[in-house]
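To convert, note that position 118 of the sequence shown is 100 in my numbering; the numbers rise steadily by one, no gaps.
C-beta: ideal position from N, C-alpha, C; glycine also.
Note that the structure is a prediction, hence the values are computed from the model and not measured.
Report on one structure; see the data block that follows.
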Amino acid sequence: MNFISIFYGLFLLSVLGIYWSLAQQKLRLWTLLIASLVFYASLHIQYIPLLLALTYINFRVGLEIGKNTSPGKHSLDWQISNEDWQFAQGDWNRRRLKLLWIGIILNVLLLLGFKYFTPLFKFAFHVQTNSSDSSFKLIVPLGISFFTFECIAYLIDVYRGAPATEQFLKFATYKLLFVKLISGPITRYHNLANQFNTLDLPNSDRVAEALWLIARGAVKKGIFADHLGIFVDLCFGNLQRAGSTDLWLATFAYGLQLYLDFNGYVDIARGSAMLFGLVLPENFDFPYFSTNISEFWRRWHITLGDWLRNYVYFPLGGSRRGLVRTCWNLFIVMLIAGIWHGAALGYVVWGILHGLALVVHRLTDSMSDRFENLEQFWQNPLGIFVAWLLTQLMVFTSWIWFRLPNLQDSSLVIRHLWGYPADAQFAQKVYVDALNMSQYQLTWVLIALAALMAVVYTFNRILKLELNWPLKLVFVPLCFYAVWLLAPEGSLPYIYFDF
-17 MNFISIFYGL FLLSVLGIYW SLAQQKLRLW TLLIASLVFY ASLHIQYIPL
33 LLALTYINFR VGLEIGKNTS PGKHSLDWQI SNEDWQFAQG DWNRRRLKLL
83 WIGIILNVLL LLGFKYFTPL FKFAFHVQTN SSDSSFKLIV PLGISFFTFE
133 CIAYLIDVYR GAPATEQFLK FATYKLLFVK LISGPITRYH NLANQFNTLD
183 LPNSDRVAEA LWLIARGAVK KGIFADHLGI FVDLCFGNLQ RAGSTDLWLA
233 TFAYGLQLYL DFNGYVDIAR GSAMLFGLVL PENFDFPYFS TNISEFWRRW
283 HITLGDWLRN YVYFPLGGSR RGLVRTCWNL FIVMLIAGIW HGAALGYVVW
333 GILHGLALVV HRLTDSMSDR FENLEQFWQN PLGIFVAWLL TQLMVFTSWI
383 WFRLPNLQDS SLVIRHLWGY PADAQFAQKV YVDALNMSQY QLTWVLIALA
433 ALMAVVYTFN RILKLELNWP LKLVFVPLCF YAVWLLAPEG SLPYIYFDF
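Here it is in structure tokens:
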């Protein structure tokens, strides 16, 4: 069931009708849970038993971690010595730590098993599978990366002192909530559980905001991202025939496609959740206007960045153990981010590049603190522009390994980025037959799209201006009509469904 489809619209309206007709919180949670199972069944019905089992296992592990089994220091029944109490307390903490590691290892092995089983199997039995290499592939459950990361976050939060839930219905609804199950945003349990306790009917302003989020998300995905995706697929699907200019255009087009596709999905997810009285965290904050790579990761896939920072970077020591250790921690975090995205080596290269970029930024920042002239340069308009240009050039070129995780393909693109002529038939096939525009016109389309993003950024972030809710309601049907009229036939799948 695609978010941009008549079926999803009817599904959402039906669930909303049932949901708000019920007064009891428990019945509303049951409605969300059943609807989530129906939604996932329309995509990967075979993995529903697995998700339910994992949900229950993590629920039970969380209960055990959060269970206070240590004796009270001032017991009324027995007078225990201070040494005995400290021993019992230490034994209890060791047990909790063991349970935490069992839960983490279980979730990590599940994630890596699904993502890495196929390439490892092919590597181990290369001779046997070589003839039908493409026919053997383990289908990864949709949303398994987001699912396992949320489970790990919950277990660690409970270990750190957050209360473990004793209500399986509430935990299962949180884990399987259909609006965020497939591609996030990554949401902490206690954030959503508090909202489950006060499920109030949204007011007109909130409804208008929800519909506006869904409508603009549909425009980002259905019109902009999918049209860009047609060109990107044609160009990167014909690497030997594409010229240097074509590859540069495809690289920048993919960067915009990935952002609009994922951001559009999150907008629809957040808008849908808002209609149920729930607020999901924001996942993007104009990342392509960042002036350094650290700022980029505070604005791009925000919930993933928060997860990596809270559950990997800080436990490694963060920035508290000196510059060298800080740089090493940053590199490790981004390497893990690359591995999380997939089994292909291209994702590892992508993670390494971002890790090195974060290290360079940290070293540059440290040098700027020592040299006043250097610090002043980065603060003046020219320095800000140079920093923005270098940051975005690094980000967009690194997307090559993200889009083409096979190192043979991505290395071919890198070699052909300068001075490589296009095949004579390539322009006819791509620009004339498929896009009905010239290479020059496509360049201006990308520039116009970037300019539109700059205008929105100026209004939202600099001028702090937003549309009021009556205007949003006016634009909602216009957006849906534009998607119906202008979206290409056969909507492209969401990119982050692969992760």
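Quick one: give me the first and last residue of the alpha helix (DSSP H) that residue i is part of.
i, result
"I396", "389 to 397"
"L124", "Run containing L124: none; DSSP gives neither H nor E here."
"E357", "354 to 361"
"S(-4)", "-12 to 3"
"A409", "406 to 409"
"F479", "No alpha helix (DSSP H) contains F479, which DSSP labels as neither H nor E."
"P31", "30 to 48"
"S186", "186 to 201"
"N176", "171 to 178"
"R307", "305 to 323"
"L14", "7 to 26"
Please determine, among the options, the residue with the shortest C-alpha to C-alpha distance to residue i.
i, options, result
"G253", "C461, I366, R42, G199", "G199"
"F26", "L163, A135, L92, R42", "Note that residue 26 is His in the sequence shown, not Phe. Answer by Cα proximity: L163."
"V414", "F213, P403, N274", "F213"
"G328", "F271, L394, L474", "L394"
"L92", "I39, N75, A144", "I39"
"I314", "P297, V161, A326", "P297"
"G225", "A416, Q239, A17, Q407", "Q407"
"S127", "Q177, T285, N442, F178", "T285"
"I396", "S18, Q222, R77", "Q222"
"F244", "G299, L371, L474", "L474"
"Q410", "I444, M419, Y402", "M419"
"G211", "R188, G324, Y241, N292", "Y241"
"F41", "F131, K97, A154, N362", "A154"
"L229", "E448, N185, P470, Q421", "Q421"
"I205", "Q239, R443, L305", "Q239"
"Y293", "L340, V189, F131, L460", "F131"
"L305", "M349, N265, M376", "M349"
"L340", "I477, L445, M376", "M376"
"F479", "F(-7), L137, Y22, L11", "Y22"
"K446", "S(-13), L34, V437", "V437"
Under a three-way DSSP split, which group does residue i fall into?
i, result
"M256", "helix"
"M419", "coil"
"E264", "coil"
"W282", "coil"
"S114", "Unreliable placement is indicated for S114, whose pLDDT of 41 sits below 50; the coordinate value is still reported in the next sentence. Residue state, collapsed to three classes: coil."
"A464", "helix"
"L431", "helix"
"L58", "Note that L58 scores a pLDDT of 45, beneath 50, so its modelled location is shaky and nothing firm can be said."
"N292", "helix"
"L159", "coil"
"E277", "helix"
"E148", "coil"
"E471", "coil"
"W230", "helix"
"N220", "coil"
"A235", "helix"
"P297", "helix"
Take residue i and list the residues in its own chain whose beta-carbon comes closer than 6 Å to its own, dropping the five residues that flank it on each side.
i, result
"S380", "W332, L335"
"W279", "G287"
"F271", "Y439"
"Q177", "L260"
"P403", "G225"
"N89", "T130, C133, I134"
Spatial neighbours of residue i within its chain, please: C-beta separation below 8 Å, excluding the five flanking residues on both sides.
i, result
"T13", "V(-3), I0, Y1, L4"
"Y(-10)", "M(-17), N(-16)"
"L32", "P123"
Is it true that the CB of residue j sits closer than 8 Å to the CB of residue i?
i, j, result
"F378", "G237", "yes"
"L290", "I250", "no"
"I47", "Y141", "yes"
"L181", "Q7", "yes"
"W194", "F(-15)", "no"
"S392", "L399", "no"
"V412", "L216", "yes"
"S18", "L158", "yes"
"G259", "L312", "no"
"T169", "L262", "yes"
"V248", "P167", "yes"
Which same chain residues end up closer than 7 Å to residue i when comparing Cβ atoms and leaving out the 5 residues on each side of it in sequence?
i, result
"F462", "A197, A200"
"D347", "none"
"E264", "I284"
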